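Chemist: Residue numbers (the numbering used here), protein chains in the order written: chain B, 12 to 223; chain P, 184 to 431; chain V, 8 to 655. Handing you this structure, nothing more for now.
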Amino acid sequence: MAVTGAILVLYLIAHMYGNLKVFSGQEAFDGYAHNLRVLGTPLLPEHGFLWLARLILLASVLIHIYAAVSLWLRARRARPASQRYQVTKRVHRTYSSYTMRWGGVLIALFTIFHILHLTVNVISPGGASDSPYERLVNGFQPEFWFVTLFYVAAVIAVGFHLRHGIWSGLATLGVNQANRQPKMNAVATGLSLILTVGFLLPPLAVTFGLVS
Amino acid sequence: MNITLRVWRQKGRDDEGRMVTYKLTDVSPDMSFLEMLDVLNEKLTLESEEPVAFDHDCREGICGACGVVIDGEAHGPERTTTCQLHMRSFNDGDTITVEPWRASAFPVVKDLVVDRGAFDRIIQAGGYVSAPTGTAPDAHANPIPKPDADRAFDAATCIGCGACVAACPNASSMLFTAAKVTHLGMLPQGQPERASRVVQMVNQQDAEDFGGCTNIGECAAVCPKGIPLDTISQLNQDLLGSLGKGIG
Amino acid sequence: MSENDLYIEGEPIRDEKAPEGPISERWDQRRFSAKLVNPANRRKLSVIIIGTGLAGASAAATMGEAGYNVTTFCYQDSPRRAHSIAAQGGINAAKNYRNDGDSIHRLFYDTVKGGDFRSRESNVYRLAQTSVEIIDQCVAQGVPFAREYGGLLDNRSFGGVQVSRTFYARGQTGQQLLIGAYQALERQIAAGSVQMHTRHEMLELIISGGKARGVIVRDMLTGEIETHFADAVVLATGGYGNVFYLSTNAMGSNVTATWRAHRKGAHFANPCYTQIHPTCIPVSGDYQSKLTLMSESLRNDGRIWVPKDKGDKRDPRQIPEDERDYYLERKYPAFGNLVPRDIASRAAKNVCDEGHGVGPSGLGVYLDFADATERMGREAVESKYGNLFDMYQRITGENPYEVPMRIYPAVHYTMGGLWVDYDLQSSIPGLFVTGEANFSDHGANRLGASALMQGLADGYFVLPNTINDYLADGPFEAMDESHPDAQEAKEQVTSRIDKLLSIQGSRTVDSFHKELGTIMWEYCGMERTEEGLRKAIELIRNLRSEFWRDVKVLGTNEELNQALEKAGRVVDFLELGELMCIDALHRRESCGGHFRAESQTEDGEALRHDDEFAYVAAWEFGGDDNKPVLHKENLEYEYVEMKQRSYK
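Here it is in structure tokens:
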């Protein structure tokens, strides 16, 4: 769980970096996307790096989901619905830790939509295009506010997921020590905030007409 | 003060349970929570209703026998054991819900009493130092740096009450196991068995049907002895180390 | 032989196993003369151990390791909950790590003197010798004793001795030692050499052919009455302080195992020797279920006082220095606040009886840390006593850093118990008794930090080296449940349970227990008189017959029934209480924890009568309607000169 989570976090950082290229204009954005496809050539065939990355990501996602589902099932076995408390009270746990499971499901659904939308371009509100930049701009036009809204909601869910996920991953990897806890919390909160904001900026910028 | 109690009543392990409401008058704020239950039981007995069964023994917060979930919190609103919780933590007129620890690994035996034998079996799996009587070297043969000794001690204060499991949304026993792994792992005496201990204990807690740890932290937040959450990271470190050595 | 209205005096007895010769060689000698059991034969020999406190768990672990076939029972849901866990202060050992003049001989001397010359020299010397090994053993198990920055073990001075020989683990020494023994026990359970039965309570001893051969236990979850056999039975069931209802014992601590053995022929020695601990939190109301002790290490830095004016209700902080009576420092300038427990307790009772007591009930004295805080700084006080202060605050709702604590004595430990010889064998062959359950090492008063020492000495080192002398003659004739002796014992248990469930009277078990406790505290507590004790005996007899007429126990046997469990224990307390009073009445002297108002010096100190009472009073059960029989074991002192204790 922690290891695959870490891979996905690293990926998100790179992904956000790419996204933010949108503010440097169409050329830079499309160029970046193209570069990803030819990265590693001629050592790797064209799209080789991309598929390698996609494979690793897919494997990570699947393992991550598998681990999550088994944890979920274990938790249900450890305290079945028939044994739930009549009164529950949050003592210490963060809101983000609550959202891990259903938030995770939301994120999975969103990821599928997101790939269909901006990668494969099967779903193409505002018109399909070969230019990733145009796909983006088309997809988040003000009239498709509901796409933006869904996107925003999903990114916030990712933020919450990361807030607890980063903390928990660090703890599982053995980093947690009493005197490191403030730092760990800062890393978890900081990183998830940066990623959330970083991912929110491009579509909002499009929707509000800052990028066209 | 007057209070209303909602108490889980269950005749036996295989019976259906339910919440039953009782009213109690003249509760003194200086009573401990368990003394309040004593008063309830005296009253019930005189009314020929079976008293509420609950585990308790030392009543000074150290044996770990007592423990119920009070208004959704393991051991109630103070960070201490149920026996050290006093009625002054409640208000006149309160309705207080009292439930047993809930976990498949801790089946309810009767009313508020659960079976925590799983904890003993986790210790059996490796929560010890193999030091047969009479084989010990002089106590001063092995100086231990004070910070290590203190950290071992902090972890060793666990009383095995099970509040960590009761409070964990996953019903995981990780804090309990981690406390023992940390206690013995910090001491030179615990080194020879350190790698196998953690693997065996973790395997046993999985076999007992405890849930998995997702680092939520409710366990440490309700622990009456303040076992630090970072013991779980210590366990994970030791576990990674053991896997690296091919144990497990 | 003589008889009076309360008891019959029988033949004197002596400890046949005690070796002769120089005291420092006796334990070696006994270990050498005791028969050994070949390791290959040990698994054919079975031992039942009742109780999993320090004395029981350590014995079970050690004998399991040695290869015996051990079966263990405890009434709690886990062996780790035994009440040894609650001991706070520490454990003594004659390591002399402090180079302050300590030695085995000094620990021996202090213990004999502290016990007011009512213990056996040989036993106490062995205890002091063994103390050294206990610390080594516990450290090897990973017990996290307090350490200094150099990494070596810390020691402190404790409870009325002038050397620093007490090892401790913050305020939770008992817990850490018990967890060490518990882990060793669990290791043997995993190895299959010990069978553990939790939530099982021993209700009867099986005797066959004059030997202890097994026990009848009740499975507290199902009510099943089970029969278990063995070649020897060990009782490690702790003390009987709960006869007072309010004590520092755990709620479940009881006398049933030892009392049932007593009824089957085991002599009960010195039942009146009760230790009243001076530093407990005072009673706050009649709903009170137990008393909480605070480690007497508090007396190392705290000062005890009462207002000089009777009934002074001012806030203690407003009472000026010259209107305070630091009565221990005044009466005992040499030891001050560190006088032994019995003396500190009675002094508190006396000042309260005179009307100087503080708190709502007037039954309390101040334990003040203002001077200590000034001298050491609040931080040092906090690091040393923080957990005790927190506990006090939690229970009373008062902040001891600001307001002096209020303390009052409470029943804490019972020095009396089943009579045993040097091998820890009772007067029933094959029945061994360890820890607080026996009477052996503390005489009339136990020193602080010595209970843990005795429990572990008995369990780790003494019993495993003496029980072999008895087991070497085994295995004994095989028995099964149909054996008439087993049937009889089982029948006694079931009929008692049936009777308790059939009365359906009008009073709860607790109400009887509380009433018994009040009688015992009033007449057989810190100060005893002939008149009071006679009255108590009368009251107890009446209460007992009322109990059997009017007790109300609901539910059935075939379930977890906590009222039934309690009822069975109170039955035995009601019988024990009477014997305690008879013992207290017959001992017309003051010694250690037993203070007879008729026997005191001019300035109110305890006055022993060595010419008449330098003996162990071992009581034989005479039958339900007969008087108990007193057997005296004479005590002789070769190595410590008998003199009146003085802590002035």
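Note that the Cβ used here is the ideal one computed from N, Cα and C, for glycine as well. None of these values were measured; they are calculated from a predicted model.
If you draw a straight line from the C-alpha of P:Phe273 to the C-alpha of P:Gly345, how long is it?
Modeler: Between P:Phe273 and P:Gly345, the C-alpha separation is close to 23 Å.
Chemist: Going along chain V, which residues have a C-beta under 7 Å from P:Ala248?
Modeler: Within chain V, the residues near P:Ala248 are Gln83, Asp84, Arg88.
Chemist: V:Pro151 CB to nearest chain P CB: under 8 Å?
Modeler: Answer yes: the Cβ-Cβ gap between V:Pro151 and chain P drops below 8 Å somewhere.
Chemist: Just how far apart, CA to CA, sit V:Met227 and V:Trp528?
Modeler: Roughly 30 Å between the two C-alpha positions.
Chemist: Alpha carbon to alpha carbon, what distance is there between P:Ile186 and P:Thr208?
Modeler: Answer to the nearest angstrom: the Cα atoms are 7 Å apart.
Chemist: Using 8 Å as the limit for Cβ to Cβ distance, is P:Arg201 near chain V?
Modeler: No, its Cβ sits nowhere closer than 8 Å to a Cβ of chain V.
Chemist: Taking contact to mean 3 or more Cβ pairs, one atom from each stretch, closer than 8 Å, check whether the segment 76-94 of chain V and the segment 44-61 of chain V are in contact.
Modeler: Counting Cβ pairs under 8 Å, three or more are found: they touch.
Chemist: Taking the C-alpha atoms as reference points, what is the distance between P:Lys363 and P:Gln420?
Modeler: Each residue's alpha carbon lies about 14 Å from the other.
Chemist: Going along chain B, which residues have a C-beta under 8 Å from P:Gln420?
Modeler: In chain order: Gly185.
Chemist: Grab the span of the beta strand (DSSP E) containing P:Trp191 for me, first residue to last.
Modeler: Residues 186-193.
Chemist: Please identify the residue among P:Thr360, P:Gly250, P:Pro326 whose C-alpha is closest to the C-alpha of P:Pro416.
Modeler: Checking the sequence shown, residue 416 of chain P turns out to be Ser, not Pro. Nearest of P:Thr360, P:Gly250, P:Pro326 to P:Ser416, Cα basis: P:Thr360.
Chemist: Is P:Leu418 near P:Thr365, with beta carbons less than 8 Å apart?
Modeler: Yes; because the gap between Cβ atoms is below 8 Å, this pair is in contact.
Chemist: Strictly by DSSP, which residues pair up with V:Gln202?
Modeler: Answer is V:Thr78.
Chemist: Against chain B, does P:Asp215 count as a neighbour if the rule is that its beta carbon must be under 8 Å from one of theirs?
Modeler: Note that residue 215 of chain P corresponds to Ser in the displayed sequence, not to Asp. Output row for P:Ser215: interface = no.
Chemist: In its own chain, which residues sit with a C-beta less than 7 Å from the C-beta of V:Gln36, not counting the 5 before and 5 after it?
Modeler: Pro26, Gly28, listed in sequence order.
Chemist: Given that B:Met20 touches chain P, what residues does it touch there, using C-beta distances under 7 Å?
Modeler: With the sequence shown as reference, residue 20 of chain B is identified as Val, and Met is not the correct amino acid for it. Those within 7 Å of B:Val20 in chain P number zero; the least Cβ separation is about 15 Å.
Chemist: Give the secondary structure of V:Pro416 by DSSP, where H, G and I count as helix, E and B as strand, and everything else as coil.
Modeler: Note: V:Pro416 maps to strand in three-state DSSP.
Chemist: Here's the rule: buried if 16 or more other CB atoms are within 10 angstroms of the residue's CB, otherwise exposed. What is V:Gly108?
Modeler: With fewer than 16 Cβ atoms within 10 Å of its Cβ, V:Gly108 is classed as exposed.
Chemist: Run down chain V in chain order and give the residues with a C-beta less than 8 Å from the C-beta of P:Gly345.
Modeler: Here the premise fails: no neighbours, minimum Cβ distance about 10 Å.
Chemist: Give the list of continuous beta strand (DSSP E) stretches no shorter than 3 residues that lie fully inside the segment 273-361 of chain V.
Modeler: 281-287, 310-314, all fully within the segment 273-361 of chain V.
Chemist: Roughly how many whole angstroms lie between the Cα atoms of B:His172 and P:Met384?
Modeler: If I take the Cα positions, the gap works out to 30 Å.
Chemist: Would you report the Cα separation of P:Ile410 and P:Asp337, rounded to the nearest angstrom?
Modeler: Cα-Cα distance, rounded: 7 Å.
Chemist: Can at least three beta-carbon pairs, one atom from the segment 393-403 of chain V and one from the segment 247-259 of chain V, be found at a separation below 8 Å?
Modeler: Touching, no.
Chemist: Select from V:Leu454, V:Gln295, V:Phe628, V:Gly364 the residue whose C-alpha is nearest the C-alpha of P:Phe216.
Modeler: Closest by alpha carbon: V:Gln295.
Chemist: Kindly confirm or deny that the segment 149-156 of chain B and the segment 120-138 of chain B touch, where touching means at least three C-beta pairs closer than 8 Å.
Modeler: Yes: the two stretches touch, three or more of their Cβ pairs being nearer than 8 Å.
Chemist: Specify the secondary structure class of B:Val80 as computed by DSSP and reduced to three states.
Modeler: Looking at B:Val80 - three-state DSSP - the assignment turns out to be helix.
Chemist: Secondary structure at V:Asn249, three-state DSSP: helix, strand or coil?
Modeler: Looking at V:Asn249 - three-state DSSP - the assignment turns out to be helix.
Chemist: If V:His363 and V:Asp329 are in contact, beta carbons under 8 Å, what's the gap, nearest whole angstrom?
Modeler: The Cβ separation is near 15 Å, so there is no contact.
Chemist: How would you label V:Ala47, buried or exposed, when you count the other beta carbons within 10 angstroms and need 16 or more for buried?
Modeler: Exposed.
Chemist: Which of the three DSSP states, helix, strand or coil, is assigned to V:Asp505?
Modeler: In this structure, V:Asp505 counts as helix in the three-state DSSP scheme.
Chemist: Have a look at V:Ala451, V:Asp428, V:Asn475 and flag the residue whose alpha-carbon is nearest the alpha-carbon of V:Thr441.
Modeler: Of the candidates V:Ala451, V:Asp428, V:Asn475, the one whose C-alpha sits nearest the C-alpha of V:Thr441 is V:Asp428.
Chemist: Taking just the CA atoms, how far does V:Pro19 sit from V:Thr658?
Modeler: The shown model of chain V, from 8 to 655, leaves out residue 658 of chain V, and the question about it has no answer.
Chemist: Less than 8 Å between the beta carbons of B:His26 and B:Ser108, yes or no?
Modeler: Contact flag unset, no.
Chemist: Would you mind telling me which residues of chain P sit closer than 7 Å to B:Lys100, beta carbon to beta carbon, in chain order?
Modeler: Asp254, Gly255, Glu256, listed in chain order.
Chemist: Output, in sequence order along the chain, the residues in the segment 380-405 of chain P whose CB is closer than 7 Å to any CB in chain B.
Modeler: Cβ contacts with chain B come from Asp392, Phe393, Gly394, Gly395, Thr397, Asn398, Ile399, Gly400, Glu401, Ala404, Val405.
Chemist: Nearest to V:Asn45 by alpha carbon, out of V:Leu478, V:Asp22, V:Arg324, V:Glu537?
Modeler: With distances taken between Cα atoms, V:Asn45 lies closest to V:Leu478.
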